[in-house]
Amino acid sequence: MNTKTTVKPLVAAILVALAVSGVARAESVIKEEVNVTAPQRVSAQDEATISASAVKALRHIAAARGELNGDNPDAEKAKAELAQADKLLDIIRAALPTAQIKDRIWVAKKHLEYEDTQAVLPDLIPIYASLDELVDYVPTSQAKQHLDDAKQAMKDGDKAQARENLDATDDALLYVEADLPLHATQTLVDQARADLSKGDTKAADTVLTAAEDNVVLVSFRFDSPLTLAKAALWRANQEYLAGESDYAKADLNDAVKQLEQAAKSGDDITRKAATDLVPEVRELHDAIADTGTGTADEGIKSRLASNWHRVKALSERSVESLSTGWQRLRAEGVAKKDLIEAKLQLAYARIDHFYSQDDAAAKVELAEARGYLDAALKKADGEARKEVENASKMFDRIDKDLKGDAKVVAARFGEAESQLSAIIHQL
């Protein structure tokens with residue numbers, strides 16, 4: 224039987240992050256201060272400590288609601304509880320694998336305010352190194368391109384362009400597994416605080432009710448099958464390229480086990496996709512066993528990459544879907560689900576084009592993605608509508624350039640995916 228565990232958004236954010244990142248060992252009693260180090264493999268004690276931090280933050284949110292109910296609502300005490308929740312959100316945010324590189328980008332941008340661009344160039348060296356360390360957590364190709372552009376702008380002495388490209392680098396480092404649920408929780412807390420400042424305790428309580436119970440109810444554990452399958456496939460990919468076939472096979476076995484768990488999901492799309500992936504990954508294991516050691520087979524390399532991209536897309540969809548429930552409080556949020564599905568179909572189209580060399584299938588996926596995008600366009604308004612319209616234009620360029628230069632097509636896909644990720648993150 225498939226047992227589902229319903230977790231609040233903040234808990235989901237940190238528990239999913241724990242699957243692939245870590246923080247410094249904390250004391251047995253949770254301290255509400257930012258005190259973390261660079262990501263490392265987490266121990267069971269670390270997992271328990273960080274999980275407790277997430278639950279403690281939710282406790283403060285519940286306490287804030289308590290101050291707003293009854294005969295004498297106390298907005299100031301509620302604000303104090305939300306301030307404590309903010310501290311815990313900061314702890315969790317600082318624990319993410321992208322925290323260090325984002326700090327380094329901030330330092331480079333600050334130096335641009337008063338240093339010559341040539342003097343800031345050395346700041347980019349540790350940023351490049353951090354990007355190499357992040358490949359197991361977030362897509363880095365787009366961020367690296369923006370960083371390359373920032374480097375060139377600095378060489379040209381163009382501070383404004385360098386700063387713009389550093390901002391784009393930062394924006395491209397979206398750690399979907401945790402950033403989205405954290406963003407949803409933070410947005411609700413901020414909205415409640417704004418309502419309290421206006422003296423509207425009833426509205427604040429409504430928002431906090433969503434934060435506490437109904438924002439993003441998820442069937443997610445910190446050892447999410449899709450998250451772990453994605454990590455195992457990535458390792459198998461790297462190990463196979465390095466000639467470590469035995470290690471690659473072991474990780475493919477791990478990926479199969481996780482995908483078998485994902486195939487029990489209550490979500491139809493996840494269940495079907497995971498079910499289809501299980502035999503494919505098994506066949507990859509057997510193919511590697513048959514070829515033995517030696518030069519990597521191009522067909523196996525392509526299939527490994529294809530399967531990793533598919534699981535990555537599914538994993539991101541699962542996490543992005545966590546933060547849709549609370550959108551009933553905001554009109555533009557109704558388009559979010561369609562955008563998530565459009566992004567998944569876009570990822571599939573990219574895989575069909577680059578790894579399966581099946582442009583007919585890619586066209587079908589693009590058409591499905593376009594259908595979801597059109598549906599989102601009908602529901603969005605204001606700034607969100609403009610951004611969806613821009614994404615729609617990107618889809619047009621992909622369709623037009625599909626048989627063109629591979630680098631151009633790859634850039635088109637990357638731009639469209641980044642645009643959709645940004646819209647989903649903002650809503």
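The sequence shown maps to residues 224 to 650 in this note's numbering. Ideal Cβ positions, reconstructed from N, Cα and C, are used throughout, including at glycine.
Pick from V501, A366, A434 and E640: whose alpha carbon is nearest that of H406? H406 has its Cα closest to that of A434, out of V501, A366, A434 and E640.
Unbroken alpha helix (DSSP H) run spanning A558, endpoints: Neither: A558 is in no alpha helix (DSSP H) and is coded neither H nor E.
With R327 and I350 assumed to form a contact (beta carbons below 8 Å), what rounded beta-carbon distance in angstroms separates them? 5 Å
Ignoring anything shorter than 4 residues, give me the alpha helix (DSSP H) runs that lie fully in the segment 573-621, in order along the chain. 582-602
Can you check whether the CB of R540 is closer than 8 Å to the CB of L567? yes
For K374, which residues in the same chain have their Cβ closer than 6 Å to its Cβ, ignoring the five residues on either side in sequence? L347
Taking DSSP as the reference, what is the three-state secondary structure of K310? helix
If contact is defined by three or more beta carbon pairs under 8 Å, each pair taking one atom from either stretch, is the segment 456-475 in contact with the segment 328-343? no
State the start and end residues of the unbroken alpha helix (DSSP H) segment that holds P502. Going by DSSP, P502 is part of the alpha helix (DSSP H) stretching over D491 to T514.
Where does A465 fall in DSSP's three states? coil
Assuming V632 contacts L625 (C-beta within less than 8 Å), just tell me the rounded distance between them. 6 Å
Could you tell me the alpha carbon to alpha carbon distance between D477 and N530, rounded to whole angstroms? 14 Å
Start and end of the alpha helix (DSSP H) containing N388? Per DSSP, the continuous alpha helix (DSSP H) segment holding N388 begins and ends at K382 to A395.
Whole-angstrom distance between E290 and V412, CA atom to CA atom: 15 Å
Three CB pairs or more closer than 8 Å across the segment 560-574 and the segment 584-599: yes
Using only alpha-carbon positions, find the residue among D381, T340 and A455 that is nearest to H532. A455
Put P320 into one of helix, strand or coil per three-state DSSP. The answer is coil: DSSP assigns P320 none of H, G, I, E or B.
From what residue to what residue does the alpha helix (DSSP H) around T424 run? Taken as a continuous stretch (DSSP letters only), the alpha helix (DSSP H) holding T424 covers T424 to T432.
Compare the beta carbon distance of D428 and R288 with 8 Å and say whether it is the shorter of the two. yes
Taking the alpha-carbon of L537 as reference, which of D474, A570, G293 and E521 has the nearest alpha-carbon? A570
A452 versus L500: straight-line alpha-carbon distance, rounded: If I take the Cα positions, the gap works out to 11 Å.
Going by C-alpha to C-alpha distance, which of A277, I324, K302 and K586 sits closest to L311? A277
Which value, in whole angstroms, describes the spacing of the CA atoms of D313 and Q409? 10 Å
Out of curiosity, what's the CA-to-CA distance linking F636 and S353? 24 Å
Looking at C-alpha atoms only, which residue of A286, D622, T424 and D371 is the closest neighbour of D393? D371
Got a sec, what are the start and stop residues for the alpha helix (DSSP H) K367 sits in? S364 to K378
Pairwise C-alpha distance: K425 and A366: 42 Å
Can you tell me where the alpha helix (DSSP H) holding L643 begins and where it ends? A629 to Q649
Return the chain-ordered list of same chain residues with a C-beta closer than 7 Å to the C-beta of Q414, the five sequence neighbours on each side being excluded. V430
Tell me whether F519 sits in a helix, a strand or coil according to DSSP, three-state version. Reading the sequence as shown, one finds Ala at residue 519 and not Phe. Correct three-state label for A519: coil.
Just the C-alpha distance for I647 and R573, rounded to the nearest angstrom, thanks. 19 Å
Quick check on this structure: which residue in T363, A395, E356 and V343 has the alpha carbon closest to the alpha carbon of G380? V343
Taking just the CA atoms, how far does D619 sit from E610? 15 Å
Just mark Y595 as buried or exposed, buried being the case when its beta carbon has 16 or more other beta carbons within 10 Å. buried
Comparing alpha-carbon positions, which option in L449, S579 and A519 lies nearest A496? L449
Assign W549 to one of two classes, buried (16 or more other C-beta atoms within 10 Å of its C-beta) or exposed (fewer than that). Confidence at W549 is low in this model, with a pLDDT of 46, below 50, so its placement is unreliable and the value that follows should be read with caution. Per the 10 Å Cβ criterion, buried.
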